[in-house]
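Undergrad: The structure follows.
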Amino acid sequence: MKAGDAHLKNDVKISLEWINERYVRQHKKELLEIDSQDFQASLSKKEFTRYLYKENFYGMAAHHGKTIAGFVIYELDDYEIYISRLVVKKNLRRRGIASAMVRFLISKLDSKVRRTIFAEVGESNLQAQLFFKAMGFRAISIVHPLDDKLVEEDFYLMKYSAEKQAFFKGKNRISAI
């Protein structure tokens, strides 16, 4: 099942595809390899599948041709979206792939209820901090790991808030006077 297509920088074309259990079985090696490029505590196949079985968790892979370029795993609830993992293959970075996935998540926001996206970014991951800042996220707090031996650094909690103006499509009657 395809979620959408996008043309990116340098005429790179990607397609977004939903990740489900069958997808994980078919592409396990690639997904885990991409995940291990970015995270201190990379996921096992079992953990990857468990993420997708959690209530309100979804995954989407970006394909460049027949290659998995990256993926995002996120939690979607009534009031916000929480990005759990956002990863792009190192050799395909800086081509707009992560931006396309985040823009897809931004499109899931609405003006009435779900207005916020959160992501945790490691304090040493300057590239990710700058990426999220460029996408309109702001660092709102520092998160300290709870006695987790796998994660040795603090995280910045990044927040994207949809502006009311972005959803308003009508004319401003007052300024027309």
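The numbering of the sequence shown is this note's numbering, which starts it at 8 and goes up by one.
The beta-carbon is built from N, C-alpha and C at its ideal position, and this holds for glycine as well.
Given the structure is predicted, the values throughout are model-derived calculations rather than measurements.
1) In this structure, how does DSSP classify residue 166 when only helix, strand and coil are distinguished?
2) Measuring alpha carbon to alpha carbon, tell me which of 104, 127, 84 and 79 ends up nearest residue 63.
3) Would the stretch 76 to 90 count as touching the stretch 114 to 130 if we require 3 or more Cβ pairs under 8 Å?
4) So is residue 147 buried or exposed if we call it buried at 16+ other beta carbons inside 10 Å?
5) Would residue 69 and residue 108 qualify as a contact pair, given that the criterion is a beta-carbon distance under 8 Å?
6) From the DSSP output, read off the bridge partner residues of residue 62.
7) Please name the residue in 142, 131 and 144 whose C-alpha comes closest to that of residue 3.
8) So, helix, strand or coil for residue 28, using DSSP?
9) Can you tell which of 145, 75, 129 and 74 has its C-alpha closest to the C-alpha of residue 151?
10) So, under 8 Å CB-CB, residue 22 and residue 58 are touching, yes? Tell me the CB distance rounded to an integer number of Å.
11) Does the distance from the CB of residue 44 to the CB of residue 79 come in under 8 Å?
12) Would you kindly work out how many angstroms separate the C-alpha atoms of residue 39 and residue 118, rounded to a whole number?
13) Go ahead and label residue 76 buried or exposed: buried means 16 or more other beta carbons lie within 10 angstroms of its beta carbon, across all protein chains shown.
14) State the Cα-Cα distance for the pair residue 143 and residue 55, rounded to the nearest angstrom.
15) Determine the extent of the alpha helix (DSSP H) in which residue 111 is found, giving its start and end residues.
16) Give the DSSP-derived three-state secondary structure of residue 133 in the structure shown.
TA: By the coordinates alone:
1) strand
2) Of the candidates 104, 127, 84 and 79, the residue whose Cα lies closest to the Cα of residue 63 is 84.
3) The stretch 76 to 90, when compared against the stretch 114 to 130, does touch it at the 8 Å Cβ threshold.
4) exposed
5) yes
6) Beta-bridge pairing links residue 62 to no other residue.
7) The requested residue 3 does not occur in the structure, where the chain is confined to residues 8 to 184.
8) The three-state secondary structure of residue 28, taken from DSSP, is helix.
9) 129
10) About 22 Å separates the two Cβ atoms, so there is no contact after all.
11) no
12) 36 Å
13) Buried, since its Cβ has 16 or more Cβ neighbours within 10 Å.
14) 28 Å
15) Segment 104 to 113, the alpha helix (DSSP H) holding residue 111.
16) Residue state, collapsed to three classes: helix.
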